[in-house]
Every structure is written in C-alpha cells, then in structure tokens.
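In this note's numbering, the protein residues as written are 144 to 1079.
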C-alpha cells in the first residue's frame, strides 16, 4: 500500500457473537455502527477496535507503567492493521462519589480556583480590609494591607479546593451534615420502652440499655407519649453515668450484677455512625439520620478562608452557584475589570476556562451549575461531560469510540453533538460511534450495519457504505429509517420500513404485525401471548396510532384519557424546577419529555416517586412535594438499567428463576434419585455438581505478571460450570429434530452469544470449541444434560422445555420481552442496559398490575427502531393488565405512541423547569411553545 493508510483493516473478528467479521473502517471519518440490539455493534467497536487500539498504545509504555494501568486483553481476532491509539466513552459512565461536582468533573473549578487565587482581592486577616488585586500571589510574595499595613499571604489555588485545604471543617468538604432525627428514634410512641419503643437500643446497642435507662429514673412500663419532658430528655440526651443493674439472662434463671454506662439514644446513633466502616454499617444507621446543608458553609463545601477572595464582587462559592451559561458571561468580563498588569495572566486563565466551557455549551449543558453534585447528573449528562473532557485537548491521530453518544439528548441538542464530533474529525482524528438515533446515523460519513438478528443470529456485516448506500441497499434493516437524501433528518418515511419487522437474513419479508404479540401467539398459550392490538379492555373507544413506519400500538381517545382516574401532584421548587401542578392519567402510557436539563428526572425520580412511596407507606411527604393524590396507586416500581449482579455467578437462568425449575426437574430423574441428589446439588454456585476447579464460575484467572490477568475457560469443565458427573444425568427434553420442526434451529456451528456456553456430546464448551451443539447423547441416548440446557439460548430452551410448565412460562416471557437470543448461562453483569431493564421486567409480566405504577428512565437507550416496537408491546401489556407506565424519553417514535405527554421546558436549567404543554402527541405537536412538538 503506497502512502499513509486510510483505513483500519479488521480480519476474522470473533469477539462475543462476531462470526469471523472482515471489515474496513475508514480513518479520519465519522463512522457509525448500526444494527438491532445484540447484533454485535459494541463487540466490534469496543471489543475489537478500542481493545486493540488501547492495548497496542499501552504496549509502547514501560512495563513499570503498564502494571499500574488497566489493560485490555487481546481481542479474539486474526488481524487488525493500522489501528490508531484509542479512547472510549462508554454508554453508562459510573456515578461519581459524594465529593464530585459538575465543576470538578469538568475541571472548570481548577481554572476558577486559580483565577481567585491569582487575581482576586484578598481580605486582611487582621483588619478585614480587602487588598486590591496585585501580582503578589503569583510572585509568591506577601500582600501588604492598605489599611493596617500588616503583611499576609494570599491563599493558593490548592487552599481553595474543598477536597483538600479549602474544605469546610464542619462537613469536611461534602456540603452536607448528617444529624440524628429524633422522630426516627421513637417512631411509635404508643409502645413502652420495655416493648422496644427506642429503636437504636434494640438494633445498635445492647438490649440491657433499657434497664440502665430505668436506673436513670425513666419509667419503662408506660407508653412513651406519656413520659414527662424530663424523662424524654434523659432518653434522648441523658448524661453518660455509670449505673449498677441486676441483669437476668434471656434463657434460664441466671442473674448477674453489672456496672454499665448509660448511652442515650442520640449518642447511640452518633457512636454507631462514627464506627461505621462500610456501606453495611452505614445502612444500619441511615434510618435514624437526616441530611441537610452544612450550617457553617451553607452547603458550599468551602471554609471561610476559601470563601474570602473576591473577583468582580463575588467569591468562589457564589461563582460556583452560577449556571455554566452565567459563568461564561461572568468570566468573559474578568480581564477588563483588572489592572492592566494583571490582564495577560487573567486572559490566559479565562481562556482555559472558556475553551472547556464552550465545548460543554455545544453539548447542551449550559443549564448546569458548577456546584451541582455529580451524583445527581443524569446518564446522558455524565456521558456528555465525559465527551467534553475527551475532546478538550486538541489531539490528532486518535480514534474516539463513542457508545450511544445521543443518550439523554433532546432532538434540538443533536446538532451540537454532531458539531463536537466534526471538530474531532477536523483535528485529524477518527470517530467511531455506536448509536441508534437515525438523525445522527444519517449524518455519518460511513456506516457499518451489523445483524441481521440479535445474539446467535447476528455477528455478520449486513451492509456498509454511506447513508445513501444503505438507503438503497435492500439487505439493510436500518436504511429505510435514515430519512430522505435531501433532508438528512433521519425522520423521513420510507415505504420499505413497513416490511422490515419480519425481515430475515435471506431477505424474506413477512406481513407487518401491528403488535409483536401477534407473533407470540403462534408459539404458546402463555397468559399474555395473544395481546390484542386494540385497547378495548382499557378504553371503551380507542384510536389507532399510525406511526411513521406503520401501526405500532393502540391509544385511548382523548375523551377517555382520565376515565380510570388521575394522579394530581403539586410540588415546591427543587434544583432548577419551579413549583409544578401536574395531572397524570391512571392506567395509561405517559411520556415525560423536554430539553436536556428541563427537569424531567427531577419531577419524576425526585418528586413523583418519593411522594407516591410516602403516601403508600403512610409517611410524611418529602419537602419537595406540597401535595399529591393518587387514585388507586398502591405500588411504585422503578425499573432502571443498572447492571444485574456484581459477578459472573449471576446468569440469565438464575435471575429469571429458570435454573430453579431445571434443578427440580433434574432432581426428579431416576439417575439423580439413585445417587441421592436433591435439587440443591444442581446449583453451580453451591451444589455438589459444580466444577471444583473453577468453583462454578466457568473460568479461571491466570496471573501473567507484567501483563493484565487473563480469564480463560476452565480447562476441566470447559466453561460449563459443572463437573463431569453432571454429564451423566439427562432429562428427557425435545430432540434436535423436534427443534427444527418448531422452527427453532440450533445455533450454526455451535456458536452462541457473548460469554455463552455451547454443549457438546457429553460435555459443554465455550463458543468456538471443536465440539458443536448436539442434542442427542452418544449411543442414541435422548434428552439433555443441565450444562447443555444452560448453553442454549432462551428461544432454544423454550422449545426444549415444553414439558416444564413454569420454566416454559418464564422462558416465554423472556422471548416476549425481545431477549430470546440471550443464553441461559450468560452472566448478567455483561448485559446491556436495555437487556438488564427487560430482564428485570420479566417477573412483572405474568401477573395483574392493578394499582401498579412503573417508571422507566429512557428505556429506548441502545434500542434499534425495530426493537422500540417490541418495547411498546411490552408497555401495552402492562397497561392492559392495569398498570400506569411513566417513561422519561427523547425517542420521537416512542413519544408518538404514548397516550399522554408531559413536556417540560422550554429550555434547560434556569430556562426550563416548567410544564410547557400536556396532552396527546397530536396536541403537543400543535403547541407552538413546545420544543418537542416541533420535532413530532
């Protein structure tokens, strides 16, 4: 090849479910990877491109340095050529700790601290007079007070950091203090002390503290409410006096004379809090505590000295309270307010601040204040902070791998995101993004579409080329959703999309089903597999929603929206959200929409859920909610996308309960009975049949010293998690021929999805092993071993387990949720956010939901437009079962199919926090004040 390479060449990629993929990735371009959920997009982007790019860069460093850095393992690929150094921005950045703020995450506070230290007016510690700005601090010279003549040293930038020298001594720089809530110490005043009225003495202290309290002169046998003020004061604040008591053991008649010091109830909690060293210890104390702003620093986290210096009349704490929009305007005016000799230094500091801030403004984060706690930021906000941090330095020749960069973005913010990515390209970098947002994909220079299906049915390159190439390619599934060539919106209707719901790899099209449940009815008599496509059970009169790509779900008519009742909530101001009055219809699908930072998360997660939870529990409303009435709501369930389980011991089979059913079935076999094996023996976590070498994890970790540890399939069980004895026990299930007759073929070549197991004849092994999946044992034995069943996908196991009613129902539910491609033995921590969310829903699908309210935060993250239809079918079922479903969402196709929309805005931050419009999607689209309506 002459000249510089213009593409990355990937050959034979087999990471997770990739099937020997050969693909070229153009360098210096904006490249998108599309495909249905589970088709192998992230495997290609993160598992191959990023893994190899970062690993090869780190290999250029010294061994000493590499040992102190996390390193990616070698990707399972034949060859990758011309891959540049890579940086990855993952789909769900971790939630920062209590000491993190928006200002520290973006490092904007570093510039502000330097600004206040170097060019601020500093107060004289002797007389309090403010000295004018000077070069003294920068020159490391003392400042001379113009009033009293005393010399003093100005604080350095480090002395103004709340994580070090500038921390408030009362709250240690957290801005909050925990105080004992006396009302929580005695929640039931009808009880006597002997009956356990004082809870901390029962859970945090010896039970005999009651007797010591009696020796202090407090009556123990009267209701707590009847104690005198003096007695109550002794209980809560009594002195630590030593008392002599006669203690009787709980068992037997033994007595002992003891001298014990009295610990009052408040001290008992404070002492336990001081000794708590882990989350478990804090959890025991948390119910007795209340949190509030620090009384000394007012929640600013800064000491009085750090709050002293002033620039343009404000101190550091006041500057941090500004939104980013306000801070940019304020910082821009700083140099002009200073003496001429200080301006060059001020310009340098301010430019550093403004350069970073402008990137954040382009990404739509101007509404956030610098002191906003990092833990309160949404997933999309954290990812955009991560993106801004990555592009801050004007690098060149770097490959940026972005996983779902459009998370949390309103359609109006898409242009800003595209602008940032184009700037990276202009600097000589390459950008690879995994996304489902068709507005972004339609603007890519090059697209690679993975598929055609999920899991074992995916892992192939279906189509590649420019967006125009994919629109014209009949094999492309995403092409019809990319919009017309002239508008670039990604929203134009394409007639081909109506045929894609049933499209197969061979290009065969089935008639479009108005509801995914129609397909499910062909497989099973499951309780909800024959969902109707109308809302007759929910509304007497319904109106059919015809989405851009056909009929997606049925919606209630406008007249019947509130027929089942309403939730009426009135709130107080919280964060940037103004006091609100909102009505939500019960037993409907509700979409909460608005610009990023408009207050959606605050209203739903910090006001609606806590208020309903308090009402259901009969407790006081949170301070952010003035009042709430909820007709018939008796249960609130937040279904989020946080990972399930912390390690590989949690699998799809264990979480769904399928393994419990299988273990009981195997325990009933004649071989198991003869061997005396109960159901517990078939557990790979604790049972007798688990592999002793890997202890049931299916893998062993190899320490290779200076290189990162390598996890490999267990050499004894070959990844099955079970010992060889488990292969001798077979349960009579469906045969290979029966599976084929049902239209569910075993995975080709025995390959399965990421981390999946493949059962061989008498043994299970990892995908890619020599022995393919065989449903019949050697010698003609029928049935399956448990390792073989764990190696199957949900869809395969659904057919194999038709004689197990409970297991079949659980598996059918997983299939109906659109995750039938997952393998039963797949570790749950490895699931995507959307997969984890749907797996959590599995336990809810088979029961009546009258009085239930489900809340979802952007459930369409990571979903292909085709998968959004399946998700709508799931929500339709919940509504038909009596549930109310509230969804925070930006996906326009989803919003169009909601029964009711609450649109917040009109902007973000201080420009938002108000309800702009409510009503049906048609009413929102017709409202000129709604930013969301303009895109509907």
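Think of the CB as a built atom: it goes at the ideal place given N, C-alpha and C, for glycine as much as any other residue.
None of the values given here were measured: they were computed from a predicted structure.
Go ahead and pull the three-state DSSP assignment for residue i.
i, result
"residue 336", "coil"
"residue 94", "The shown model of the chain, from 144 to 1079, leaves out residue 94, and the question about it has no answer."
"residue 437", "coil"
"residue 156", "strand"
"residue 522", "helix"
"residue 90", "This structure gives no information on residue 90, because the portion of the chain shown stretches from 144 to 1079."
"residue 344", "helix"
"residue 713", "strand"
"residue 558", "helix"
"residue 493", "helix"
"residue 752", "helix"
"residue 1085", "The displayed coordinates of the chain run from 144 to 1079. Any statement about residue 1085 would go beyond what the structure contains."
"residue 184", "helix"
"residue 413", "helix"
"residue 352", "helix"
"residue 935", "coil"
"residue 430", "coil"
"residue 1052", "helix"
Identify the continuous beta strand (DSSP E) that holds residue i and give its terminal residues.
i, result
"residue 221", "220–224"
"residue 589", "589–594"
"residue 576", "573–577"
"residue 165", "164–169"
"residue 737", "732–737"
Starting from residue i and walking both ways along the alpha helix (DSSP H), at which residues does that stretch end?
i, result
"residue 242", "Element bounds for residue 242: n/a, residue is neither H nor E."
"residue 1022", "1008–1023"
"residue 726", "Taken as a continuous stretch (DSSP letters only), residue 726 belongs to no alpha helix (DSSP H), being part of the beta strand (DSSP E) at 724–728."
"residue 542", "That residue, residue 542, is in no alpha helix (DSSP H); its beta strand (DSSP E) goes 542–546."
"residue 94", "The chain is shown from 144 up to 1079; residue 94 falls before or after that span and cannot be answered."
"residue 1057", "Unbroken run through residue 1057 is the beta strand (DSSP E), 1057–1062; no alpha helix (DSSP H)."
"residue 378", "372–380"
Going along the chain, which residues of its own chain have a beta-carbon closer than 8 Å to the beta-carbon of residue i, five neighbours each way excluded?
i, result
"residue 232", "526, 529, 530, 533, 543, 544, 545, 546, 548"
"residue 426", "none"
"residue 490", "478"
Take residue i and list the residues in its own chain whose beta-carbon comes closer than 6 Å to its own, dropping the five residues that flank it on each side.
i, result
"residue 460", "443, 445, 450"
"residue 408", "328, 341, 343, 378, 379"
"residue 404", "383, 385"
"residue 860", "834"
Report the option in the options whose CA atom is closest to the CA atom of residue i.
i, options, result
"residue 433", "412, 418, 447, 424", "412"
"residue 241", "1030, 515, 167", "515"
"residue 955", "1047, 792, 986", "986"
"residue 276", "314, 517, 258", "258"
"residue 363", "481, 349, 1072, 340", "340"
"residue 1036", "596, 1012, 601, 356", "1012"
"residue 740", "718, 982, 159, 223", "718"
"residue 808", "1057, 705, 928, 182", "928"
"residue 571", "262, 172, 1050, 969", "172"
"residue 745", "314, 1047, 307, 599", "1047"
"residue 994", "710, 608, 509, 855", "710"
Residues in its own chain within less than 7 Å of residue i by CB, not counting five upstream and five downstream?
i, result
"residue 251", "496, 499, 500, 513"
"residue 221", "154, 155"
"residue 781", "752, 998"
"residue 337", "353, 363, 364"
"residue 1109", "Because the chain here runs from 144 to 1079, residue 1109 falls outside it and cannot be looked at."
Give the straight-line distance between the Cα atoms of residue i and residue j, rounded to the nearest whole angstrom.
i, j, result
"residue 1074", "residue 375", "57 Å"
"residue 962", "residue 417", "46 Å"
"residue 589", "residue 151", "13 Å"
"residue 312", "residue 447", "10 Å"
"residue 811", "residue 832", "15 Å"
"residue 473", "residue 766", "33 Å"
"residue 286", "residue 322", "40 Å"
"residue 317", "residue 470", "22 Å"
"residue 359", "residue 366", "17 Å"
"residue 839", "residue 737", "47 Å"
"residue 370", "residue 324", "19 Å"
"residue 1016", "residue 696", "7 Å"
"residue 295", "residue 484", "21 Å"
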